[in-house]
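Protein chains in written order, with this note's numbering: chain A, 1 to 112; chain B, 1 to 112; chain C, 1 to 112; chain D, 1 to 447; chain E, 1 to 447; chain F, 1 to 447.
What follows is a short report on a single structure.
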Amino acid sequence: MKLITAVIRPFKLDEVREALGEAGVTGLTVTEVKGFGRQKGHTELYRGAEYVVDFLPKLKIECAVTDEAYEAALEAITAAAATGKVGDGKIFVVALEQVLRIRTGEIGADAL
Amino acid sequence: MKLITAVIRPFKLDEVREALGEAGVTGLTVTEVKGFGRQKGHTELYRGAEYVVDFLPKLKIECAVTDEAYEAALEAITAAAATGKVGDGKIFVVALEQVLRIRTGEIGADAL
Amino acid sequence: MKLITAVIRPFKLDEVREALGEAGVTGLTVTEVKGFGRQKGHTELYRGAEYVVDFLPKLKIECAVTDEAYEAALEAITAAAATGKVGDGKIFVVALEQVLRIRTGEIGADAL
Amino acid sequence: MNSIQTRGWTTRMQAAGLPLSCALALLGVSTGALAQAPDAAAPAFDSGNVAWMLTSTLLVLLMVVPGLALFYGGMVRAKNVLSVLVQVLVVFSVVILLWVAYGYSAAFTGGNAFFGSFTDKAFLRGITPDSDADGLPELLFVVFQSTFAGITAALVVGAFAERIKFCAVLLFTVLWVTFAYLPMVHMVWSGEDGFLAHKGVIDFAGGTVVHINAGIAGLVGAYFVGKRLGYGREAIKPHSVPFTFIGASLLWVGWFGFNAGSALAADASAALAMINTMVATAAGVVAWSLVEAISKGRPSALGAASGAVAGLVGVTPAAGSVGPIGALAIGLAAGAVCVWGVNGLKRLLRADDTADVFGVHAVGGIVGAILTGVFSDASLGGTGLDVSIGAQVWAQTFSVLFTIAWCAVVTTLAILLTRAVVGLRVSEEDERQGLDIVSHGESAYEK
Amino acid sequence: MNSIQTRGWTTRMQAAGLPLSCALALLGVSTGALAQAPDAAAPAFDSGNVAWMLTSTLLVLLMVVPGLALFYGGMVRAKNVLSVLVQVLVVFSVVILLWVAYGYSAAFTGGNAFFGSFTDKAFLRGITPDSDADGLPELLFVVFQSTFAGITAALVVGAFAERIKFCAVLLFTVLWVTFAYLPMVHMVWSGEDGFLAHKGVIDFAGGTVVHINAGIAGLVGAYFVGKRLGYGREAIKPHSVPFTFIGASLLWVGWFGFNAGSALAADASAALAMINTMVATAAGVVAWSLVEAISKGRPSALGAASGAVAGLVGVTPAAGSVGPIGALAIGLAAGAVCVWGVNGLKRLLRADDTADVFGVHAVGGIVGAILTGVFSDASLGGTGLDVSIGAQVWAQTFSVLFTIAWCAVVTTLAILLTRAVVGLRVSEEDERQGLDIVSHGESAYEK
Amino acid sequence: MNSIQTRGWTTRMQAAGLPLSCALALLGVSTGALAQAPDAAAPAFDSGNVAWMLTSTLLVLLMVVPGLALFYGGMVRAKNVLSVLVQVLVVFSVVILLWVAYGYSAAFTGGNAFFGSFTDKAFLRGITPDSDADGLPELLFVVFQSTFAGITAALVVGAFAERIKFCAVLLFTVLWVTFAYLPMVHMVWSGEDGFLAHKGVIDFAGGTVVHINAGIAGLVGAYFVGKRLGYGREAIKPHSVPFTFIGASLLWVGWFGFNAGSALAADASAALAMINTMVATAAGVVAWSLVEAISKGRPSALGAASGAVAGLVGVTPAAGSVGPIGALAIGLAAGAVCVWGVNGLKRLLRADDTADVFGVHAVGGIVGAILTGVFSDASLGGTGLDVSIGAQVWAQTFSVLFTIAWCAVVTTLAILLTRAVVGLRVSEEDERQGLDIVSHGESAYEK
Ligand SMILES: Nc1ncnc2c1ncn2[C@@H]1O[C@H](COP(=O)(O)OP(=O)(O)O)[C@@H](O)[C@H]1O
Ligand SMILES: Nc1ncnc2c1ncn2[C@@H]1O[C@H](COP(=O)(O)OP(=O)(O)O)[C@@H](O)[C@H]1O
Ligand SMILES: Nc1ncnc2c1ncn2[C@@H]1O[C@H](COP(=O)(O)OP(=O)(O)O)[C@@H](O)[C@H]1O
């Protein structure tokens with residue numbers, strides 16, 4: 001199993017969720033994050049004080065998938081989240097040793 | 001070492017923390033997240049506009065544990081977080097290559 | 001590639017980001033979290049009700065780095081985030097199987 | 001000159017019976033009372049007094065929305081804030097309509113020592129823009145008093161916030177206003193023949209009628225509704241102390257309408273009520289903060305705000321008859337005692353009174369009611385008593401005890417009836433999710 | 001006694017021409033109008049009336065900032081809340097200056113049936129502290145009326161919030177106030193010769209002039225500006241319902257200045273307007289909540305707050321001439337019909353009117369305007385009509401239709417001109433990022 | 001007719017000495033001043049004037065809480081918002097009590113050119129509800145003026161927010177009010193013999209007394225307290241611009257009580273102050289926005305709100321003596337110059353004045369004070385000067401310079417004393433954690 005972590009533009013959430021759903025992923029967990037990267041920020045000005053804001057609002061999506069669903073999930077996210085402009089985000093993949101469903105105690109792929 | 005990530009119901013936090021404490025886990029990091037899964041959401045209505053809210057508030061708990069403490073931690077979380085109803089959440093486990101305590105520079109199990 | 005996750009004191013963010021920049025890390029993702037550990041909390045009192053607050057505000061920084069940049073990044077974070085007092089935080093490292101840049105579809109180190 | 005039409009209206013009322021006429025009235029049919037233009041030979045009302053009473057009326061509204069709504073709303077968790085706001089607003093609105101329908105009549109017409117007539121001025125019949133109530137347009141008196149009824153009912157909801165059903169709040173409100181609030185007004189303010197007025201109680205702006213009354217209802221209600229899930233175990237913190245602060249501030253600002261408005265004129269008495277209210281509130285803030293600083297080491301924002309409200313509650317019955325130094329003493333006392341009301345006493349009582357309606361309004365109200373009997377005396381800077389301090393303190397104490405008893409009984413019956421008809425609490429799962437989504441289909445905040 | 005100086009001023013005005021004198025005036029040069037101290041043989045204004053009108057003026061300001069600003073600001077997303085606040089504040093301020101410059105003159109001086117003179121009292125020339133306007137200091141009348149102009153313009157911005165350019169808002173405002181608001185005031189309130197006054201319309205505090213006018217402008221504006229990105233697909237929720245609630249509450253509180261202030265005195269008529277406004281609003285809250293409870297199962301906070309505003313809008317034209325039971329009926333009707341205004345009717349119209357300026361202000365305004373013709377009749381509790389109910393309803397309906405037509409045409413032209421000169425919308429990327437950062441360089445909240 | 005009792009009271013005072021009598025007074029003992037009921041042969045106060053002054057008093061309270069508290073509270077970080085709210089509320093409350101104890105006496109009784117008597121009317125002795133102060137109940141004058149003292153002290157705390165110790169704020173406040181505020185009131189407002197009144201200064205509602213005074217205290221205080229940790233390096237942003245906006249709005253609304261209330265009557269002078277305040281504020285908003293739009297490209301919400309306050313500050317001394325066009329000019333000037341006050345000038349001064357108390361209140365106050373000398377002239381639309389414009393401008397300038405000098409010295413001494421006694425700043429670690437938790441044991445927000 002893999003744990004896919006994608007950092008995306010906030011307004012793409014619904015599209016990504018739908019795309020993942022079509023790719024067979026039925027659960028995911030979303031976190032509001034701030035991202036720093038190539039995408040340029042903006043300046044804010046409060047009376048005399050000017051600040052450059054480099055950290056931009058992004059959403060982080062985590063979803064655990066089976067090895068089989070993995071490729072499809074990656075493609076789904078990429079397709080749904082891309083706009084082609086700097087700042088579209090990244091996907092990180094790590095190996096998942098174990099998954100457990102708290103309610104039932106099921107483990108492994110059954111728990112997804 | 002393992003990194004345990006558990007998505008739980010928010011009101012279970014204190015119980016889970018205590019259970020983990022009894023299992024010998026002394027540190028953890030908590031994030032507010034929104035979860036999407038089998039649990040049904042609700043609808044909200046603002047004047048004429050009706051929205052189905054599928055993303056439900058959850059807490060994500062991350063704790064790094066030694067390989068020895070791992071099983072006990074998993075059981076502790078499962079026992080404390082379960083209500084038996086859909087939406088209790090999931091636990092994800094990944095292998096941890098390294099841990100470092102910033103204050104002292106200690107690494108590995110000593111850093112936990 | 002490695003995924004470095006560091007939990008730090010909030011006011012250290014700018015220093016850590018700069019240190020990472022100097023170490024060649026150009027992107028990172030930040031999440032507001034609550035940490036529980038050895039650092040003591042405080043009490044709050046609302047009329048008759050007193051609460052001990054153990055969960056302290058921390059920032060979680062995630063950055064994906066190449067295996068080469070890894071050591072330097074670790075040192076950069078450690079140096080920039082340390083104050084020497086309990087509560088400086090921890091760094092966790094996991095192996096990264098894959099990275100993908102959504103905008104271009106690039107994968108691996110190119111995507112960083 | 002309106003007599004014929006009014007009489008005709010009366011006749012139709014009697015013929016049709018109340019229910020039908022209510023329906024007609026709601027449809028706007030057959031209410032001929034205001035038929036004459038107000039300027040046709042209108043009596044000359046003193047414009048200054050009218051100006052101040054217009055202002056006072058809207059000030060009391062300001063106390064309720066947004067004042068009280070925010071004061072309470074800030075104290076609950078984010079998932080329940082809207083339920084508190086809706087409850088306060090809708091309860092207030094329902095009571096305004098009830099007041100017009102039969103409340104004003106039952107409170108302020110003749111009747112016996114406990115109740116006025118429920119029908120004499122039902123739907124304000126017979127009252128025209130020219131009707132005079134002690135030198136004010138009667139309609140202005142009606143609307144000013146309507147806000148008192150509305151705020152008193154709204155005060156109560158703070159006690160069982162975060163777990164009660166919305167329909168239970170509404171049903172309870174109607175019962176409670178009818179059988180606890182209206183008679184209290186009648187007993188104290190409707191004239192010499194009112195039961196407590198007759199006993200010689202001094203209650204300038206509503207220490208017994210409003211605050212003790214609401215505070216007792218809150219306590220009894222909180223017992224019956226039961227504690228919130230996790231109460232005493234989980235951290236149940238105010239989600240926005242700034243909202244509570246804004247609420248307390250607007251309560252202070254609006255309370256000048258409540259207290260100085262109770263002079264029913266823009267005169268020396270109103271001026272006295274004004275400075276008393278200012279001084280007592282400042283004293284309440286200082287006293288609460290001081291007690292907190294000494295006993296807990298840190299004076300808090302919630303405490304300072306609560307101290308303001310405690311001072312305001314304390315000075316309410318006294319505002320028209322004590323001097324500024326008496327007001328200062330009452331403010332200090334109310335502020336200090338109410339810290340105990342929400343701490344030691346609260347633990348003793350073991351009720352989960354969410355917003356401490358009892359600990360602040362009943363406790364502060366009792367302190368104020370009794371000290372009013374002391375500081376109204378001329379020797380202590382007051383405008384003077386008709387009887388000795390001892391006798392007056394007894395009159396005050398009797399009123400307090402009577403109010404507690406009457407209100408406790410009515411509240412118990414009202415809440416039992418409510419429980420039987422619609423139930424009191426939402427389900428455990430719903431309480432966890434929060435009333436905003438469950439009862440009102442909304443979330444308060446979105447990022 | 002100021003005549004010589006004033007005349008001298010007039011002469012300089014005529015010599016210099018308006019533009020120069022404007023510039024001079026702005027520089028503070030050559031405006032000798034107030035030369036005499038106000039107490040030198042000043043006419044005795046009734047202090048009670050003055051007190052109430054001073055109060056009423058600031059109450060209308062309270063309606064705008066923070067009232068309306070929060071009411072709208074809470075409904076938009078967090079990334080656009082500041083843009084709404086700025087728009088409301090700056091639009092209001094610009095209109096105040098415009099009012100002093102030529103607005104008051106164009107609205108309230110002689111002229112024809114549609115417009116007054118743009119120059120007669122430009123820059124308030126000739127008005128001294130002693131100038132009398134029907135028993136009030138004319139300056140007080142000027143400033144009271146300035147707030148009406150300001151709030152009407154500010155009402156409109158709710159319709160195209162979250163995507164419009166800031167400079168477009170300002171240019172549109174100046175055009176719209178000049179050609180839609182000023183003539184409407186002149187037609188209804190400037191005297192018997194105004195076009196709609198002459199037709200016999202009853203509009204006590206601005207049902208047509210303010211609410212229908214603003215509501216239509218909002219609808220037309222929303223059409224031209226177009227829908228927000230993601231409208232109907234993404235969840236576009238209010239970011240802070242409590243802010244909207246505070247806003248609605250302050251609208252209610254301030255509206256007493258609007259309605260009872262429109263009596264221009266602290267008298268029986270103001271008292272009538274006061275109770276009518278209280279009762280109609282409470283009825284609006286109850287009606288909206290009831291309709292929501294029945295049709296959707298859950299009465300909402302946004303709904304209850306909207307119901308208050310609907311009731312207020314409905315009773316605005318009627319406040320001085322119907323009785324409390326008539327006000328109750330109007331409040332119930334406005335509350336209930338506006339639920340449909342923001343639901344069924346809104347879907348029908350297919351415009352993205354962000355804050356439902358049309359659905360509440362135009363719809364509630366129309367309901368109120370027409371029912372004013374009904375419930376003002378003496379047989380239904382009103383102060384009496386000069387004509388039959390039928391004739392009055394027709395006068396009201398005519399005024400409504402005329403207002404809609406006039407306003408729709410002016411709005412269309414104003415918005416087309418604005419589009420041509422500065423453009424209407426920000427870019428798609430800017431809209432995604434939010435107007436706060438893009439147009440104003442700020443974020444509303446920081447943790 | 002109260003003379004015997006009053007005299008008896010005086011005798012006891014003298015016998016017991018002040019400290020004892022204070023204690024007694026606080027215990028409510030031995031204050032016989034109000035012994036007569038207010039209606040026993042009471043003088044007839046003009047009800048309209050009383051109505052307006054009652055209203056004005058509560059309006060100034062509204063400026064402080066929640067107005068100023070939110071205006072400042074929104075500008076600080078979320079971890080310090082409660083500390084600001086508490087400071088404003090408790091400072092205000094302490095000053096109210098101080099005012100009753102000896103402030104009113106020291107400011108408004110005879111004495112010399114700089115101070116009144118600290119004991120003559122200490123604890124308001126001798127003042128009954130019937131006491132007349134220029135046609136108003138003296139108690140009303142006392143309470144109206146108490147709010148001025150309270151707000152001035154509260155204004156100062158904005159300058160050293162986010163790092164000062166709470167007890168330092170309180171000790172400083174008592175010293176500063178006693179030695180900076182009370183004498184300034186005495187010098188300007190207590191009668192012809194006051195030092196600055198004698199020089200002919202025009203300060204209608206407190207340009208020097210309130211705003212320059214507070215602004216200088218803020219600047220000096222900010223120097224001594226030192227910069228916030230991370231100032232100039234870390235991003236220290238307002239945590240809630242909407243709160244600041246609400247605060248500014250309520251300042252505007254309440255300021256009508258401040259300015260038009262300073263007419264002490266509901267008359268033509270109040271009406272003039274009303275329109276001037278409205279126009280100058282609108283002009284301040286427009287000027288600040290315009291300057292920002294031109295110089296930074298984007299007009300901001302914080303800027304527009306600040307512009308409103310700048311306009312209000314500017315027009316404060318002028319409100320009763322300039323014409324609306326003069327007010328417009330002053331508003332524009334104050335709005336524009338204050339942008340520089342919080343930008344260029346601030347960088348020059350290198351002080352960390354958290355909420356720009358100096359940049360807005362002192363700078364705007366100076367602009368207003370001097371232009372008052374210009375636009376009060378009859379030739380420029382004012383009510384007229386007794387001397388030439390040049391002479392008046394010099395009187396104004398002298399007052400400004402004198403105020404700056406007096407206030408700077410007193411503030412320095414007061415802050416040095418405070419530092420010696422309790423210390424000024426919290427520890428570095430506490431500052432990082434935030435004053436809310438550290439000093440008050442609370443968090444403002446909970447999700
Ligand atoms: N090395 C990295 N580690 C973790 N997160 C990263 C890294 N690089 C980028 N990100 C995240 O991805 C987001 C987008 O990256 P950015 O460089 O702006 O654009 P792009 O994804 O188009 O290359 C960033 O805001 C950040 O949250
Ligand atoms: N595949 C997944 N990847 C990541 N998070 C998941 C996944 N499936 C479920 N979750 C998280 O677990 C939560 C609970 O899942 P849900 O399906 O609702 O109930 P249950 O855990 O009882 O099966 C979700 O809200 C989501 O946050
Ligand atoms: N075992 C752990 N797993 C996950 N996070 C941890 C763990 N231990 C500590 N942390 C995180 O690190 C933060 C700092 O830890 P703490 O024990 O307080 O101090 P220190 O890092 O100096 O030892 C905690 O607040 C928590 O967020």
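Here a beta-carbon is modelled for each residue, glycine too, at the ideal position from N, C-alpha and C.
Values in this document were obtained by computation on a predicted structure and should not be read as measured data.
Under 8 Å Cβ to Cβ from residue i, same chain only, skipping five residues before and after it: list those, please.
i: tyrosine 51 of chain B; result: Thr43, Glu44 and Leu45
Excluding five sequence neighbours on each side, which residues of the same chain lie with their C-beta closer than 6 Å to the C-beta of residue i?
i: isoleucine 96 of chain F; result: Ser146 and Gly150
i: valine 84 of chain E; result: Tyr72, Gly73, Val76 and Ala161
i: alanine 6 of chain C; result: Ile61, Ile77 and Ile91
i: alanine 327 of chain F; result: Asn276, Val279, Ala280 and Val315
i: alanine 266 of chain E; result: Gly48, Asn49 and Trp52
i: glycine 200 of chain E; result: Ala395
Any heavy atom of ligand 3 closer than 7 Å to the beta-carbon of residue i?
i: glycine 21 of chain B; result: no
i: isoleucine 102 of chain B; result: yes
i: lysine 90 of chain C; result: yes
i: lysine 58 of chain C; result: yes
Are the CB atoms of residue i and residue j nearer to each other than 8 Å?
i: proline 66 of chain D; j: serine 249 of chain E; result: yes
Could you give the C-beta distance for residue i and residue j, rounded to a whole number, given that I count them as a contact under 8 Å?
i: alanine 333 of chain E; j: leucine 371 of chain E; result: 6 Å
i: glycine 307 of chain F; j: tryptophan 288 of chain F; result: 3 Å
Does the Cβ of residue i lie closer than 7 Å to at least one heavy atom of ligand 2?
i: leucine 3 of chain B; result: no
i: alanine 41 of chain B; result: The identity of residue 41 of chain B in the sequence shown is glycine, whereas the question assumes alanine. No, the beta carbon of glycine 41 of chain B sits no closer than 7 Å to any heavy atom of ligand 2.
i: valine 7 of chain B; result: yes
i: alanine 64 of chain A; result: yes
Is residue i near ligand 1, going by C-beta to nearest heavy atom under 7 Å?
i: valine 25 of chain C; result: yes
i: arginine 38 of chain A; result: yes
i: glutamate 18 of chain C; result: no
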